[in-house]
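Trainee: Line order of the protein sequences matches chains B and R.
In terms of my numbering, the first sequence opens at residue 8 and continues consecutively.
In terms of my numbering, the second sequence opens at residue 71 and continues consecutively.
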Amino acid sequence: MATTLTNTNSVSDSVEQAFAQRAPRSLWSDARRRLLRNKAAVAALLYISFLIVVAIIAPLLALHNPLDIFQNNSYRQAAWITVPNRPEASGSWAFPLGTDAIGRDVWSRLVYGTRTSLVVGFVPMVFTLFLGTVIGLVSGFFGGAVDAFLMRFAEIVYSFPAFLFFIIVMTALKDTPIGKFWNGFVILFGALSLVGWVGVARLVRGQVLSLKEKEFIEAARAIGVRQHNILFKHLLPNSLGPIIISGAFIVPGAIIAEAVLSYLGIGLRPATDRNALFPVSWGNMILDGKAAITAQPWLMIAPAISIASITLAFTFIGDGLRDALDPREAN
Amino acid sequence: MLQFIIRRLLWAIPVLFFVALVSFFLMHQAPGGPFDKDNNKKQVDGATLASLNRRFGLDKPQYINPAAASRLWASGERNPLTLGRAYLDSQFFNYVFNAMRGDLGPSYRQRGKNVQDIIFKQWPYSMRLGLLAMIFAVITGIPLGVIAALRQNSIVDYISLFFATIGVSVPTFVIGLLVIIFFGTTLKWISITNNDWNTWRPYLAPSLVLGLSTMSFITRITRSTVLEVKRQDYIRTARAKGLSERMVIVRHILRNAMIPVVTVLGPALVDLITGAVITESIFSIPGVGKFFVDAIFQRDYSMIMGSTLIYATLVVMANILVDLSYGLLDPRIRSQG
Numbered sequence: 008m009a010t011t012l013t014n015t016n017s018v019s020d021s022v023e024q025a026f027a028q029r030a031p032r033s034l035w036s037d038a039r040r041r042l043l044r045n046k047a048a049v050a051a052l053l054y055i056s057f058l059i060v061v062a063i064i065a066p067l068l069a070l071h072n073p074l075d076i077f078q079n080n081s082y083r084q085a086a087w088i089t090v091p092n093r094p095e096a097s098g099s100w101a102f103p104l105g106t107d108a109i110g111r112d113v114w115s116r117l118v119y120g121t122r123t124s125l126v127v128g129f130v131p132m133v134f135t136l137f138l139g140t141v142i143g144l145v146s147g148f149f150g151g152a153v154d155a156f157l158m159r160f161a162e163i164v165y166s167f168p169a170f171l172f173f174i175i176v177m178t179a180l181k182d183t184p185i186g187k188f189w190n191g192f193v194i195l196f197g198a199l200s201l202v203g204w205v206g207v208a209r210l211v212r213g214q215v216l217s218l219k220e221k222e223f224i225e226a227a228r229a230i231g232v233r234q235h236n237i238l239f240k241h242l243l244p245n246s247l248g249p250i251i252i253s254g255a256f257i258v259p260g261a262i263i264a265e266a267v268l269s270y271l272g273i274g275l276r277p278a279t280d281r282n283a284l285f286p287v288s289w290g291n292m293i294l295d296g297k298a299a300i301t302a303q304p305w306l307m308i309a310p311a312i313s314i315a316s317i318t319l320a321f322t323f324i325g326d327g328l329r330d331a332l333d334p335r336e337a338n
Numbered sequence: 071m072l073q074f075i076i077r078r079l080l081w082a083i084p085v086l087f088f089v090a091l092v093s094f095f096l097m098h099q100a101p102g103g104p105f106d107k108d109n110n111k112k113q114v115d116g117a118t119l120a121s122l123n124r125r126f127g128l129d130k131p132q133y134i135n136p137a138a139a140s141r142l143w144a145s146g147e148r149n150p151l152t153l154g155r156a157y158l159d160s161q162f163f164n165y166v167f168n169a170m171r172g173d174l175g176p177s178y179r180q181r182g183k184n185v186q187d188i189i190f191k192q193w194p195y196s197m198r199l200g201l202l203a204m205i206f207a208v209i210t211g212i213p214l215g216v217i218a219a220l221r222q223n224s225i226v227d228y229i230s231l232f233f234a235t236i237g238v239s240v241p242t243f244v245i246g247l248l249v250i251i252f253f254g255t256t257l258k259w260i261s262i263t264n265n266d267w268n269t270w271r272p273y274l275a276p277s278l279v280l281g282l283s284t285m286s287f288i289t290r291i292t293r294s295t296v297l298e299v300k301r302q303d304y305i306r307t308a309r310a311k312g313l314s315e316r317m318v319i320v321r322h323i324l325r326n327a328m329i330p331v332v333t334v335l336g337p338a339l340v341d342l343i344t345g346a347v348i349t350e351s352i353f354s355i356p357g358v359g360k361f362f363v364d365a366i367f368q369r370d371y372s373m374i375m376g377s378t379l380i381y382a383t384l385v386v387m388a389n390i391l392v393d394l395s396y397g398l399l400d401p402r403i404r405s406q407g
């Protein structure tokens with residue numbers, strides 16, 4: 008009997024020792040470990056980093072300026088395809104993925120399109136998260152009439168089908184001064200952010216409502232912490248997990264929305280300035296490619312695969328983040 | 071429950087009003103009027119334009135008409151209903167009142183046709199596509215999710231999860247275009263042009279493409295709910311009392327796991343409705359979606375607004391169905407109202 012007791016004691020002692028010896032880890036570093044153990048998420052992160060590098064060094068990778076028109080080179084096939092008896096349509100390594108209707112290099116356009124997709128994914132995400140977090144914090148923290156009003160409004164906005172809203176905004180405002188500003192980037196960012204905030208706001212509000220009742224907030228109030236400190240030092244950091252996860256899913260949504268809208272001819276305007284930072288988008292390329300599915304399929308295949316892989320990568324990252332930040336949800 | 075249904079239905083009114091208001095407001099920010107946009111055709115002269123504007127009520131104020139109301143008041147009219155109607159005798163409210171009667175006005179580009187005529191004529195094609203896609207999504211998505219969850223971490227699980235992730239993340243129009251390039255123009259397995267859309271065969275490829283994202287969505291949801299149910303105590307109890315494995319799966323796991331799955335069929339339906347727009351346009355199916363996309367390209371504002379309202383109504387109804395199914399399946403929600 009006595010030996011058993013000592014045994015149990017020594018086991019719990021060694022467990023305690025093990026805990027004591029382990030370097031202290033924050034919740035965030037635990038989450039990072041879990042994320043880095045997820046192979047799909049790590050591969051996706053590497054791929055996105057690769058795309059970011061491509062976007063930055065696009066001028067080095069592109070063989071031509073994406074807006075340069077090469078006469079007598081329209082719809083040239085990809086480099087490895089030879090069209091019998093038609094040298095002017097056969098592939099050439101001067102244009103690895105061929106050319107489009109007016110003789111612009113598809114490879115160079117694809118490389119520059121990376122920039123557009125990344126910007127279109129990230130910028131609305133930042134706005135959406137900011138808007139949604141502020142509204143959700145205010146709504147959840149102050150409650151009462153403010154909360155009721157904001158949530159009713161959110162519910163109406165939420166019921167407006169996002170895809171239809173984008174179409175309405177873009178068709179209506181495309182030819183107005185605000186629609187032309189920065190080749191339509193401003194209006195696109197605006198439309199994407201105006202729709203997305205609702206989901207984030209509801210999420211943050213829910214977090215705040217449940218956190219508000221927790222003991223550590225009560226303790227903070229008891230020792231006289233000011234309201235804005237409770238809001239920004241306690242409630243906000245503890246709601247960050249779900250905010251980050253939803254951010255990871257907003258990015259691919261925005262990229263897809265831009266591609267679909269550009270495919271419908273109501274997305275970004277084609278740039279005319281040779282030095283434009285964002286001269287072309289993958290959605291625009293797909294629209295161009297639709298006219299030549301048989302004559303030059305790579306004009307469409309290349310941007311289609313690029314869009315597919317970037318959205319897939321962001322979904323893997325989102326899934327990985329969710330499993331890492333919210334272990335209860337992980338299976 | 072009845073109260074719950076009525077509340078949800080009533081809530082649709084402000085939502086649809088908001089949709090109509092926002093689309094109307096935005097559409098009127100577009101430069102130019104309906105009769106002066108077509109630069110290829112003969113321009114109308116001032117007198118014709120004025121009579122056209124009068125005929126379509128475009129000479130009235132945009133949102134409210136206080137002038138008409140005060141004129142009536144001055145002429146001795148005191149009936150609040152008549153006065154109110156005069157006050158709302160504006161382009162926007164006339165559009166709303168007409169829309170409620172099912173009149174969405176004339177198309178700006180297809181001369182002599184009303185928006186609702188175009189939409190209802192093309193509706194059957196969209197319905198066929200949508201139904202086929204939904205059937206495909208449900209009969210493949212649920213079994214895939216169940217099998218993946220029952221054999222968690224097996225190769226079957228990984229493969230179906232991988233494809234489900236591709237399905238939810240890669241946009242429908244990208245998959246549709248790739249299918250057309252590979253199976254249409256390269257392999258020539260499916261025909262792209264000259265399809266007879268009154269037969270079922272040409273719907274096969276587009277409904278698979280359209281249903282893919284919904285199927286993946288259902289697979290993912292089914293998998294995660296089955297995984298959760300699998301660990302519950304009552305499943306262990308069922309096994310402990312000696313039920314056969316099949317009985318445990320069919321009676322206990324599936325039945326309980328289906329509740330969340332049924333409730334996500336609503337958002338999936340919404341996904342199908344809007345996804346159909348692009349799919350129809352890619353595969354040239356003469357449904358409402360294709361006409362909607364054509365209207366976008368031609369800036370046919372009345373057609374865009376009418377289709378938006380119809381699609382929004384569908385989406386709102388689908389959402390109400392979801393809420394009702396929640397209420398039916400989960401008594402806790404019903405009691406909250």
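Backbone N, C-alpha and C define an ideal beta-carbon position, used for all residues, glycine too.
Using a beta-carbon distance below 7 angstroms, is Ser-246(B) in contact with chain R?
Mentor: As a working mapping, residue 246(B) is identified with position 239 in the first sequence. No, Ser-246(B) lies away from the interface with chain R (no Cβ there is under 7 angstroms from its Cβ).
Trainee: Using the Cα positions of Ile-134(R) and Ser-93(R), report the straight-line distance between them to the nearest angstrom.
Mentor: Locating residue 134(R) in the second sequence gives position 64, where the first residue counts as 1. Locating residue 93(R) in the second sequence gives position 23, where the first residue counts as 1. Rounded to the nearest angstrom, the two C-alpha atoms are 17 angstroms apart.
Trainee: So which residues on chain B does Gln-99(R) lean against when the C-beta distance must stay under 7 angstroms?
Mentor: Mapped onto the second sequence, residue 99(R) falls at position 29. Under the 7 angstroms cutoff, chain B gives Ala-179, Leu-180, Thr-183.
Trainee: Taking 7 angstroms as the CB-CB cut-off, is Ser-230(R) touching chain B?
Mentor: As a first step, residue 230(R) is located in the second sequence; it is residue number 160 there, counting from the start. Not one chain B Cβ lies under 7 angstroms of Ser-230(R).
Trainee: Any Cβ of chain B within less than 7 angstroms of the Cβ of Thr-344(R)?
Mentor: The residue you call residue 344(R) lines up with position 274 of the second sequence. So, interface residue.
Trainee: Is it true that the segment 31-44 of chain B meets the segment 320-332 of chain B, where meeting means three or more beta-carbon pairs spaced less than 8 angstroms apart?
Mentor: Verdict: yes, contact present.
Trainee: Just grab the DSSP bridge partners of Thr-106(B) for me.
Mentor: Residue numbering aside, residue 106(B) sits at position 99 when the first sequence is read from its first letter. Its beta-bridge partners are Asp-112(B).
Trainee: Can you tell me whether DSSP reads Pro-176(R) as helix, strand or coil?
Mentor: To locate residue 176(R), count along the second sequence from 1; it is residue 106. Here Pro-176(R) sits in strand by DSSP.
Trainee: Using a C-beta to C-beta distance shorter than 7 angstroms, which residues of chain R count as neighbours of Ser-166(B)?
Mentor: Taking the first residue of the first sequence as 1, we reach residue 166(B) at position 159. Correct list: Val-85, Val-386, Asn-389.
Trainee: Below 9 angstroms on C-beta distance, what does Phe-323(B) contact in chain R?
Mentor: Position 316 of the first sequence, counted from the first residue, corresponds to residue 323(B). Simply Thr-235, Ser-239.
Trainee: Let me know the alpha helix (DSSP H) ranges lying completely inside the segment 138-206 of chain B, each 4 residues or longer, listed in chain order.
Mentor: Entirely contained in the segment 138-206 of chain B, the alpha helix (DSSP H) runs reaching 4 residues are, in chain order, 151-166, 169-180, 184-187.
Trainee: Using the beta-carbon of each residue, which ones in chain R are nearer than 7 angstroms to Ala-270(B)?
Mentor: Mapped onto the first sequence, residue 270(B) falls at position 263. Looking at the sequence itself, residue 270(B) is Tyr, so the reference to Ala does not match. Within chain R, the residues near Tyr-270(B) are Phe-243.
Trainee: Do Thr-289(R) and Ala-203(R) count as a contact pair if the criterion is CB distance below 7 angstroms?
Mentor: Residue 203(R) sits at position 133 when you count from the first residue of the second sequence. Residue 289(R) sits at position 219 when you count from the first residue of the second sequence. The answer is no: Cβ separation not under 7 angstroms.
Trainee: Just to confirm my understanding: we take Ala-327(R), look at its own chain, exclude 5 residues before and 5 after, and list those with CB closer than 6 angstroms. What are they?
Mentor: If you number the second sequence from 1, residue 327(R) lands on position 257. Around Ala-327(R): Thr-295, Val-296, Val-299.
Trainee: Among Val-126(B), Leu-70(B), Thr-123(B), which residue has its Cα nearest to the Cα of Ala-101(B)?
Mentor: Counting from 1 along the first sequence, the entry for residue 101(B) is found at position 94. Comparing Cα-Cα distances from Ala-101(B) to each of Val-126(B), Leu-70(B), Thr-123(B), the minimum goes to Leu-70(B).
Trainee: Report yes if the CB atom of Gly-212(B) is closer than 7 angstroms to the CB atom of Ser-166(B), and no otherwise.
Mentor: Here residue 212(B) refers to the residue found at position 205 of the first sequence. Here residue 166(B) refers to the residue found at position 159 of the first sequence. Contrary to the premise, residue 212(B) reads as Arg rather than Gly in this sequence. In this structure, Ser-166(B) does not lie closer than 7 angstroms to Arg-212(B) by Cβ.
Trainee: Verify the CB distance criterion: does Phe-170(B) have a CB-CB separation below 7 angstroms to chain R?
Mentor: For the purposes of this step, residue 170(B) is taken as residue 163 along the first sequence, with counting starting at 1. Judged by the 7 angstroms Cβ criterion, Phe-170(B) is in contact with chain R.
Trainee: Cα separation between Ser-36(B) and Ile-252(B)?
Mentor: As a working note, residue 36(B) is residue 29 in the first sequence. As a working note, residue 252(B) is residue 245 in the first sequence. The straight-line gap from Cα to Cα measures roughly 16 angstroms.
Trainee: When you check each C-beta in the segment 303-322 of chain B against every C-beta of chain R, which residues fall closer than 9 angstroms?
Mentor: Listed by position, the residues of the segment 303-322 of chain B near chain R (Cβ gap below 9 angstroms) are Pro-304, Met-307, Ile-308, Pro-310, Ala-311, Ile-312, Ile-314, Ala-315, Ser-316, Thr-318, Leu-319, Ala-320, Phe-321, Thr-322.
Trainee: For the ligand FAD, is there any heavy atom lying closer than 6 angstroms to the beta carbon of Gly-139(B)?
Mentor: As for the ligand FAD, it is missing from this structure, which has no ligand bound.
Trainee: So who's on the other strand from Ser-99(B), going by DSSP bridges?
Mentor: Translated into positions along the first sequence, residue 99(B) becomes position 92. According to DSSP, which records beta bridges pairwise, Ser-99(B) is partnered with Phe-102(B).
Trainee: Output, in chain order, the set of chain B residues within a Cβ distance shorter than 7 angstroms of Thr-378(R).
Mentor: Mapped onto the second sequence, residue 378(R) falls at position 308. By Cβ distance, chain B contributes Leu-171, Ile-175.
Trainee: Using a Cβ cut-off of 7 angstroms (strictly closer), state whether Phe-88(R) contacts chain A.
Mentor: Protein chains in the displayed structure are B and R, and chain A is not among them.
Trainee: Within 10 angstroms of its Cβ, does Trp-259(R) collect 16 or more other Cβ (buried), or is it exposed?
Mentor: On the second sequence, position 189 is the one that residue 259(R) refers to. Answer is exposed; the Cβ neighbour count stays below 16.
Trainee: Given that a residue counts as buried once 16 or more other Cβ atoms are within 10 Å of its Cβ, and exposed if not, what is Asp-75(B)?
Mentor: Here residue 75(B) refers to the residue found at position 68 of the first sequence. Result: exposed.
Trainee: With Ala-299(B) and Tyr-54(B) assumed to form a contact (beta carbons below 8 angstroms), what rounded beta-carbon distance in angstroms separates them?
Mentor: The sequence position of residue 299(B) within the first sequence is 292, counting from 1. The sequence position of residue 54(B) within the first sequence is 47, counting from 1. Their Cβ separation, rounded to whole angstroms, is 29 angstroms, which puts Ala-299(B) and Tyr-54(B) out of contact at 8 angstroms.
Trainee: Can you tell me whether DSSP reads Ala-9(B) as helix, strand or coil?
Mentor: Mapped onto the first sequence, residue 9(B) falls at position 2. Here Ala-9(B) scores only 44 on pLDDT, less than 50, and its place in the model is too uncertain to base an answer on.
Trainee: I'd like to know whether the C-beta of Ala-203(R) is nearer than 7 angstroms to at least one C-beta of chain B.
Mentor: The count along the second sequence starts at 1 and reaches residue 203(R) at position 133. Output row for Ala-203(R): interface = no.
Trainee: Output, in sequence order along the chain, the residues in the segment 350-375 of chain R whose CB is closer than 7 angstroms to any CB in chain B.
Mentor: Correct list: Val-363, Ile-366, Phe-367, Arg-369, Ile-374.
Trainee: Express the C-alpha separation of Asn-291(B) and Leu-271(B) in angstroms, rounding to a whole number.
Mentor: Against the first sequence, residue 271(B) aligns to sequence position 264. Against the first sequence, residue 291(B) aligns to sequence position 284. In a straight line, the C-alpha of Leu-271(B) is about 9 angstroms away from that of Asn-291(B).
Trainee: Can you find a C-beta in chain R that's less than 7 angstroms from the C-beta of Ile-59(B)?
Mentor: Position 52 of the first sequence, counted from the start, is the residue given in the question as residue 59(B). Ile-59(B) does not count as touching chain R.
Trainee: Suppose you measure from the CA of Ser-230(R) to the CA of Val-216(R); what does that come to, to the nearest Å?
Mentor: To locate residue 230(R), count along the second sequence from 1; it is residue 160. To locate residue 216(R), count along the second sequence from 1; it is residue 146. Approximately 10 angstroms between the Cα atoms of the pair.
Trainee: According to the Cβ coordinates, are Trp-6(B) and Gly-105(B) closer than 7 angstroms?
Mentor: Since the first and last residues shown for chain B are 8 and 338, residue 6(B) lies out of range.
Trainee: Tell me the rounded alpha-carbon separation between Val-113(B) and Leu-199(B).
Mentor: Position 106 of the first sequence, counted from the start, is the residue given in the question as residue 113(B). Position 192 of the first sequence, counted from the start, is the residue given in the question as residue 199(B). So the alpha carbons of these two residues sit roughly 28 angstroms apart.
Trainee: If you compare alpha carbons, which of Thr-255(R), Tyr-165(R), Pro-136(R), Ala-275(R) is closest to Arg-198(R)?
Mentor: Here the question's residue 198(R) lines up with position 128 in the second sequence. Out of Thr-255(R), Tyr-165(R), Pro-136(R), Ala-275(R), Ala-275(R) has the C-alpha closest to the C-alpha of Arg-198(R).
Trainee: So, is Thr-424(R) buried or exposed, given that buried needs 16 or more other C-beta atoms within 10 angstroms?
Mentor: Coverage of chain R is limited to positions 71 through 407, which leaves residue 424(R) absent and any answer about it impossible.
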